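Colleague: A single structure is presented below for examination.
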Amino acid sequence: MSADAARRYAPAIAVHAALIVAWYLFVKFGRVPSFIMPTPIDTVATLGGANYHWLGNTLVTASEIFGGYLLAVVVGVAIAIAFTWSSIVEATFMPLLVSLNMIPKVALGPLFIVWLSYGIVPNMIIAFSISFFPILLTTVRGFREVEPELLELIRSLRASKWQTFRKIQLPSALPYIFSGMKVGAILAVAGAIVGEFLGSSRGLGYLMLQVQVTLDTAAMFMAVLLITFIGVVLYGLVLGLERLVIVRDARIR
Amino acid sequence: MSITVTEPFIRVRNLRKVYRKEGREFPAISDATFAVAPGELACLVGPSGCGKTTLLKILAGLQNYDSGEAQIGSPSHPFDPARDIGMVFQQPLLLKWRRLLQNVLLPAEILGLPMRESSERARDLLVMVGLSGSEDKYPYELSGGMQQRAAIARALVHDPKLILMDEPFGALDALTREKMNLELINIWKRSGKTILFVTHGISEAVFLGTRVVVFTTGPARMADNFEIELPEPRTLDIKTSEAFGDYSRRIYHLLGMQ
Chain A
1262 MSADAARRYA
1272 PAIAVHAALI
1282 VAWYLFVKFG
1292 RVPSFIMPTP
1302 IDTVATLGGA
1312 NYHWLGNTLV
1322 TASEIFGGYL
1332 LAVVVGVAIA
1342 IAFTWSSIVE
1352 ATFMPLLVSL
1362 NMIPKVALGP
1372 LFIVWLSYGI
1382 VPNMIIAFSI
1392 SFFPILLTTV
1402 RGFREVEPEL
1412 LELIRSLRAS
1422 KWQTFRKIQL
1432 PSALPYIFSG
1442 MKVGAILAVA
1452 GAIVGEFLGS
1462 SRGLGYLMLQ
1472 VQVTLDTAAM
1482 FMAVLLITFI
1492 GVVLYGLVLG
1502 LERLVIVRDA
1512 RIR
Chain B
3 MSITVTEPFI
13 RVRNLRKVYR
23 KEGREFPAIS
33 DATFAVAPGE
43 LACLVGPSGC
53 GKTTLLKILA
63 GLQNYDSGEA
73 QIGSPSHPFD
83 PARDIGMVFQ
93 QPLLLKWRRL
103 LQNVLLPAEI
113 LGLPMRESSE
123 RARDLLVMVG
133 LSGSEDKYPY
143 ELSGGMQQRA
153 AIARALVHDP
163 KLILMDEPFG
173 ALDALTREKM
183 NLELINIWKR
193 SGKTILFVTH
203 GISEAVFLGT
213 RVVVFTTGPA
223 RMADNFEIEL
233 PEPRTLDIKT
243 SEAFGDYSRR
253 IYHLLGMQ
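Chains as they are written, first to last, in the working numbering: chain A, 1262 to 1514; chain B, 3 to 260.
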C-alpha cells in the first residue's frame, strides 16, 4: 500500500478499530454479563471451539449468498435486456413481475422448503428472489436513460439493434446495473440468512439458532461477524468489478 | 456567392407533416418548398415549434411525412441515406466512456468502414476542428465548445455528403458561439459538404448561410426562402454592413417582429 493509499484509508480503518475498542470498553467497564454481550476477545475465542464447524458453516452460507446473488444478476440483467429489446414483452411481463415482487419473499420460505426440502438450494432461491428485483429495475432504467438524440444519430446511420445495444445502451446502462447490483448484494445476504432461520441443517444462520438455546452469545456474535464478512467480501467484489469496468472509462473519478 | 444553376441536391416540395394526438391534428410543417444546391450551407431559421427540426429529421429518414416530396441526391451527386448523413445536435452527445478519437470513430464503426483509414481520417478531422493532441482525452476533460468541435468531427468521419445540424451552437456562450461560427465556415469551405443548419438565431443564419429558409409558427409554415449574397470570405466585419442589416430585417419582418 502506498503512502497515499494509506492516508486515504486510514480514517476508515481507524473508525472500525475505534468501534471494536468501544465495544470492548463498554462490556468491560459497563459490567455487562457475557451472555448479554461478550467482549470482542471472547467472541474471537469461539473460533477455537471444535463443535461449531465454522469453516463448513461459513462455506455453506457463502455459497447460498453467492449462488443466489449470481443467479439474480444473470436473470435480472437478462430480463432487462429482453424488456429493452421488445416493448411488448415489457408491457406484458413487467406488471406481473411487479405483482410477484409484492409477495413477501420471507413468506415463500416455508413453501420453498416444502418443494425443495432443506439444504443450500432453497436458501439460494430465497436470496435470489429477494435480490433480483432491484437489479432488474435499475438495469431497465439504465437501458432507457440514453439521450433520445443519440439514438437518432445512431439510427440515421442505420445501426442495427445489436450495434445500438452493444455500443450505446449497454455501456451507458453499466453505472445503473452496478448500483442495482450493490443493493442486491445487501439483500442477498439477508435472504440467505432468513432462509437458514426458516429451516436448514447447516450454515451460520442455522448455527445461530443452535447456540441461542444455550445462551452462547459469543458464538452468536461470531456468526454475525462472519455473515457480515461474507457480505463485505461480496460487496467488495462488486465494487472492484465496477472500478474495473467503469473507472476505466472515467465516469467514476 | 452566386449559386450557378445546377441540379439541386436537396429538393423539398409542398412538404406537409401533421402530428396526431388524441384525435386532433397539429400541423408541424405545412407546405414547405425549397431547393439546396450541392455545397451550399443552408440555414433554416425560425422560432421554436416552427417545424424546422422536424424537417431535419424527415431529411435524415428519422420521421415520415404526410404529403409532398423530400428528396436528396441527383444523378451527379448520388446520395446513400445510410452513409451520407452526418448529424450534429445542440448537445455534443459524446459517449462518456470513450476517448475522443474513439468517439469520432463511432459512425465509421457502425458503417463497418476500414478502421485503419478511418482512424487516420479521424485524427486529421480532430486537427481540422482544432483539437489536435486531444485524441486520448475523455469528453469530461473538454469544454462545451471543444466537445461540440469533436461532435462536428464525428459527423464528418464517414465522409457523408450532407451534414444536418440542429442548433449546434445553441448551448454555447455568446463568444464561443461567434468563434464556432467562424470555424464552421472554415470547416465547410475545406470539406465542401452540403450543410443544413437549423437555428433560431437570425444573425447566425445570415452570417453563415448561402441560403436562408424562414419558418414561422401559428400555424407552422415556411415563410420565405432566399439566397444570401454577402462578400466572401465572411468575417465578423460583415455583421455591421448594410446588406447584413437588410437581410436580418427581412427575417425579423417575416417573423412578425418589427
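Each residue gets a CB set at the ideal place from its N, CA and C atoms; glycine is no exception. These numbers come from a predicted model, not from an experiment.
What residue does the beta strand (DSSP E) around residue 1460 (chain A) start on, and which one ends it?
Modeller: Position 199 of the first sequence holds residue 1460 (chain A). Careful: residue 1460 (chain A) lies outside any beta strand (DSSP E) and carries neither H nor E.
Colleague: When we look at the beta-carbon of residue 1514 (chain A) and count the other beta-carbons within 10 Å, is it buried (16 or more) or exposed?
Modeller: In the first sequence, residue 1514 (chain A) corresponds to position 253, counting from 1. Bear in mind that a pLDDT of 46 at residue 1514 (chain A), under 50, signals an unreliable position, so the number given afterwards is only what the model happens to contain. Exposed, by the Cβ-count rule.
Colleague: Take every Cβ of the stretch 1488-1497 of chain A, pair it with every Cβ of the stretch 24-32 of chain B, and state whether three or more of those distances are shorter than 8 Å.
Modeller: No, because fewer than three Cβ pairs between the stretch 1488-1497 of chain A and the stretch 24-32 of chain B fall closer than 8 Å, the two stretches do not touch.
Colleague: Whole angstroms is fine: what's the gap from residue 1273 (chain A)'s alpha carbon to residue 1264 (chain A)'s?
Modeller: In the first sequence, counting from the first residue as 1, residue 1273 (chain A) sits at position 12. In the first sequence, counting from the first residue as 1, residue 1264 (chain A) sits at position 3. Their Cα atoms are separated by approximately 15 Å.
Colleague: Which two residues bound the contiguous alpha helix (DSSP H) that contains residue 1389 (chain A)?
Modeller: Translated into the one-based positions of the first sequence, residue 1389 (chain A) becomes position 128. Run containing residue 1389 (chain A): 1381-1405, per the alpha helix (DSSP H) assignment.
Colleague: With a floor of 3 residues, list each beta strand (DSSP E) that falls wholly inside the stretch 139-186 of chain B, ordered by position along the chain.
Modeller: Qualifying beta strand (DSSP E) stretches, in chain order: 164-168.
Colleague: Can the beta-carbon of residue 1530 (chain A) be found closer than 8 Å to that of residue 1396 (chain A)?
Modeller: Residue 1530 (chain A) lies beyond the range of chain A shown here (1262 to 1514); nothing can be said about it.
Colleague: Which residues in chain A have a C-beta closer than 7 Å to the C-beta of residue 109 (chain B)? List them in chain order.
Modeller: Here residue 109 (chain B) is taken as the residue at index 107 of the second sequence, counted from 1. Under the 7 Å cutoff, chain A gives 1418.
Colleague: Let's see if you can read the secondary structure: which residues bound the beta strand (DSSP E) around residue 28 (chain B)?
Modeller: The sequence position of residue 28 (chain B) within the second sequence is 26, counting from 1. Counting along the chain, the beta strand (DSSP E) containing residue 28 (chain B) begins and ends at 26-38.
Colleague: Please name the residue, chosen from A:1310, A:1322, A:1503, A:1290, that lies closest to residue 1434 (chain A) on a Cα-to-Cα basis.
Modeller: The residue given as residue 1434 (chain A) occupies position 173 in the first sequence. Selected option, being the one with the closest Cα: A:1503.
Colleague: Verify the CB distance criterion: does residue 1413 (chain A) have a CB-CB separation below 8 Å to chain E?
Modeller: Of the protein chains in this structure, namely A and B, none is chain E.
Colleague: What are the start and end residues of the alpha helix (DSSP H) that includes residue 100 (chain B)?
Modeller: By 1-based counting over the second sequence, the position of residue 100 (chain B) is 98. Element bounds for residue 100 (chain B): n/a, residue is neither H nor E.
Colleague: Does the beta-carbon of residue 127 (chain B) have 16 or more other beta-carbons within 10 angstroms, so that it is buried, or is it exposed?
Modeller: What you label residue 127 (chain B) is simply residue 125 of the second sequence in a count that begins at 1. Label assigned to residue 127 (chain B): buried.
Colleague: Please list the residues of the stretch 1282-1311 of chain A that have a C-beta atom closer than 7 Å to any C-beta atom in chain B, keeping them in chain order.
Modeller: Cβ contacts with chain B: none found.
Colleague: Given a cut-off of 8 Å, decide if residue 70 (chain B) and residue 17 (chain B) are closer than it, judged by their beta-carbon atoms.
Modeller: The count along the second sequence starts at 1 and reaches residue 17 (chain B) at position 15. The count along the second sequence starts at 1 and reaches residue 70 (chain B) at position 68. Cβ distance < 8 Å, so residue 17 (chain B) and residue 70 (chain B) count as in contact.
Colleague: For the stretch 117-132 of chain B and the stretch 1421-1441 of chain A, state whether three or more C-beta atom pairs, one from each stretch, are separated by less than 8 Å.
Modeller: With the cut-off at 8 Å, the stretch 117-132 of chain B and the stretch 1421-1441 of chain A do not touch.
Colleague: List the residues of chain A whose Cβ lies closer than 7 Å to the Cβ of residue 113 (chain B), in chain order.
Modeller: As a working note, residue 113 (chain B) is residue 111 in the second sequence. Under the 7 Å cutoff, chain A gives 1418.
Colleague: Using only CA atoms, which one of B:183, B:66, B:254 lies nearest to residue 215 (chain B)?
Modeller: Here the question's residue 215 (chain B) lines up with position 213 in the second sequence. Comparing Cα-Cα distances from residue 215 (chain B) to each of B:183, B:66, B:254, the minimum goes to B:254.
Colleague: Go ahead and pull the three-state DSSP assignment for residue 1514 (chain A).
Modeller: What you label residue 1514 (chain A) is simply residue 253 of the first sequence in a count that begins at 1. Note that residue 1514 (chain A) has pLDDT 46, beneath the 50 cutoff, so the model's placement of it is unreliable and the number below is only indicative. Residue 1514 (chain A): coil per DSSP, three-state reduction.
Colleague: Measuring only between beta-carbons, confirm whether residue 1424 (chain A) sits less than 8 Å from chain B.
Modeller: Walking along the first sequence from the start, residue 1424 (chain A) turns up at place 163. Chain B, which has a Cβ nearer than 8 Å to the Cβ of residue 1424 (chain A), makes this yes.
Colleague: So, does the CB of residue 1409 (chain A) fall closer than 8 Å to a CB anywhere in chain B?
Modeller: By one-based count along the first sequence, residue 1409 (chain A) stands at place 148. False, the Cβ-Cβ gap to chain B never drops below 8 Å.
Colleague: Our contact map puts residue 194 (chain B) next to residue 88 (chain B) with C-beta atoms below 8 Å; I'd like the distance itself, whole angstroms only.
Modeller: As a working mapping, residue 194 (chain B) is identified with position 192 in the second sequence. As a working mapping, residue 88 (chain B) is identified with position 86 in the second sequence. In fact, because the Cβ distance is near 13 Å, the residues do not count as touching under 8 Å.
Colleague: Quick check on this structure: which residue in B:211, B:73, B:142, B:149 has the alpha carbon closest to the alpha carbon of residue 240 (chain B)?
Modeller: Start at 1 with the first residue of the second sequence, and residue 240 (chain B) comes out as number 238. Checking every option, the nearest Cα to that of residue 240 (chain B) belongs to B:211.
Colleague: Grab me the residues of residue 1340 (chain A)'s own chain with a C-beta within less than 7 Å of its C-beta, minus the 5 sequence neighbours each way, in chain order.
Modeller: One-based indexing of the first sequence puts residue 1340 (chain A) at position 79. The answer, listed in chain order, is 1397.
Colleague: Residue range of the beta strand (DSSP E) that residue 1419 (chain A) falls in?
Modeller: Locating residue 1419 (chain A) in the first sequence gives position 158, counting from the first residue. Counting along the chain, residue 1419 (chain A) falls outside any beta strand (DSSP E), and DSSP gives it neither H nor E.
Colleague: Helix, strand or coil for residue 115 (chain B) per DSSP?
Modeller: Locating residue 115 (chain B) in the second sequence gives position 113, counting from the first residue. In this structure, residue 115 (chain B) counts as coil in the three-state DSSP scheme.
Colleague: Mapping the DSSP letters down to three states, classify residue 1292 (chain A) as helix, strand or coil.
Modeller: Residue 1292 (chain A) sits at position 31 when you count from the first residue of the first sequence. Of the three classes helix, strand and coil, the one that applies to residue 1292 (chain A) here is coil, per DSSP.
Colleague: Alpha helix (DSSP H) containing residue 1483 (chain A): first to last residue?
Modeller: Working through the first sequence from its first residue, we reach residue 1483 (chain A) at position 222. 1478-1507 is the span of the alpha helix (DSSP H), which, as asked, contains residue 1483 (chain A).
Colleague: For residue 89 (chain B), return the contacting residues in chain A, with the cut-off set at a CB-CB distance below 8 Å.
Modeller: One-based indexing of the second sequence puts residue 89 (chain B) at position 87. In chain order: 1413, 1414, 1417.
Colleague: Given a cut-off of 8 Å on the beta-carbon distance, is the pair residue 1318 (chain A) and residue 1464 (chain A) in contact?
Modeller: Locating residue 1318 (chain A) in the first sequence gives position 57, counting from the first residue. Locating residue 1464 (chain A) in the first sequence gives position 203, counting from the first residue. Their beta carbons are under 8 Å apart, which means residue 1318 (chain A) touches residue 1464 (chain A) by this criterion.
Colleague: Give the range of the alpha helix (DSSP H) segment to which residue 246 (chain B) is assigned.
Modeller: For the purposes of this step, residue 246 (chain B) is taken as residue 244 along the second sequence, with counting starting at 1. Run containing residue 246 (chain B): 244-256, per the alpha helix (DSSP H) assignment.
Colleague: Please tell me whether residue 101 (chain B) and residue 161 (chain B) are closer than 8 Å, where the distance is taken between their beta carbons.
Modeller: Translated into positions along the second sequence, residue 101 (chain B) becomes position 99. Translated into positions along the second sequence, residue 161 (chain B) becomes position 159. Taking 8 Å as the Cβ cut-off, residue 101 (chain B) and residue 161 (chain B) do not qualify as a contacting pair.
Colleague: Taking only beta-carbon atoms, is residue 72 (chain B) less than 8 Å away from chain A?
Modeller: Translated into the one-based positions of the second sequence, residue 72 (chain B) becomes position 70. False, the Cβ-Cβ gap to chain A never drops below 8 Å.
Colleague: Can a CB atom of chain A be found closer than 8 Å to the CB of residue 63 (chain B)?
Modeller: The residue you call residue 63 (chain B) lines up with position 61 of the second sequence. At least one chain A Cβ lies under 8 Å of residue 63 (chain B).
Colleague: Taking all protein chains shown into account, do 16 or more other C-beta atoms lie within 10 angstroms of the C-beta of residue 1401 (chain A), making it buried, or fewer, making it exposed?
Modeller: Walking along the first sequence from the start, residue 1401 (chain A) turns up at place 140. It is buried - the Cβ of residue 1401 (chain A) has at least 16 other Cβ atoms within 10 Å.
Colleague: If I measure Cβ to Cβ from residue 1471 (chain A) and keep anything under 7 Å in the same chain, skipping five residues before and after, which residues do I get?
Modeller: Here the question's residue 1471 (chain A) lines up with position 210 in the first sequence. Closer than 7 Å at the Cβ level, and outside the excluded window around residue 1471 (chain A), lies no residue.
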